[in-house]
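Residue numbers (the UniProt record's numbering): 1 to 106.
Beta carbons: idealized from backbone N, C-alpha and C, even for Gly.
Comments concern the structure below.
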């Protein structure tokens, strides 16, 4: 399963109402570290299909969702489980660390 793009308008349906855990990557087009982790998130999305959904939210276009969850720096990854934030990981991380973090909380 490829990553999905979410926006303020579909955040509730795609993330909060999802039956599987959702990792939301809060990012921006100008963010170098965000671009560095993007390929890892795509790979994790494929490798963990059915276990977790990976969603990307551009904070410049969707400021409300970022504000709602206190995102102050990017990349910030928030893992949602049963419609609630279960864990937060801030900063660019290696693929293995992100995957282990997902497994720990999902």
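Q: Give the C-beta separation of residue 3 and residue 41 to the nearest angstrom, bearing in mind that I take them to be a contact with Cβ-Cβ under 8 Å.
A: Approximately 6 Å separates the beta-carbon atoms of residue 3 and residue 41; this is inside 8 Å, confirming the contact.
Q: Pair every Cβ in the stretch 92 to 99 with every Cβ in the stretch 59 to 70, then say whether three or more of these pairs are closer than 8 Å.
A: No: the two stretches stay apart, fewer than three of their Cβ pairs being nearer than 8 Å.
(Q) Which residues does DSSP list as the beta-bridge partners of residue 27? (A) Beta-bridge analysis with DSSP links residue 27 to 58.
Q: Please go through the same chain and pick out, in chain order, the residues whose beta-carbon is closer than 8 Å to the beta-carbon of residue 31, but skip the five residues on each side of it.
A: Only 74, 75 meet the Cβ criterion.
Q: Return the first residue and the last residue of the beta strand (DSSP E) that residue 87 is part of.
A: First-last of the beta strand (DSSP E) with residue 87: 84 to 90.
**Q.** Residue nearest to residue 24 in terms of C-alpha spacing, selected from 104, 65, 103
**A.** Nearest C-alpha to residue 24: 65.
Q. Would DSSP call residue 15 helix, strand or coil?
A. DSSP places residue 15 in helix when its eight states are reduced to three.
Q.
Taking its Cβ as the centre, do 16 or more other Cβ atoms sit within 10 Å of residue 53, making it buried, or is it exposed?
A. So residue 53 ends up on the buried side.
Q | Continuous beta strand (DSSP E) stretch holding residue 77: start and end | A | Secondary structure note for residue 77: its beta strand (DSSP E) is the uninterrupted segment 76 to 81.
Q: Report, in whole angstroms, the separation of the C-beta atoms of residue 92 and residue 44, which I expect to be a contact under 8 Å.
A: The C-beta distance from residue 92 to residue 44 rounds to 14 Å, too long to fall under 8 Å, and the pair is not in contact.
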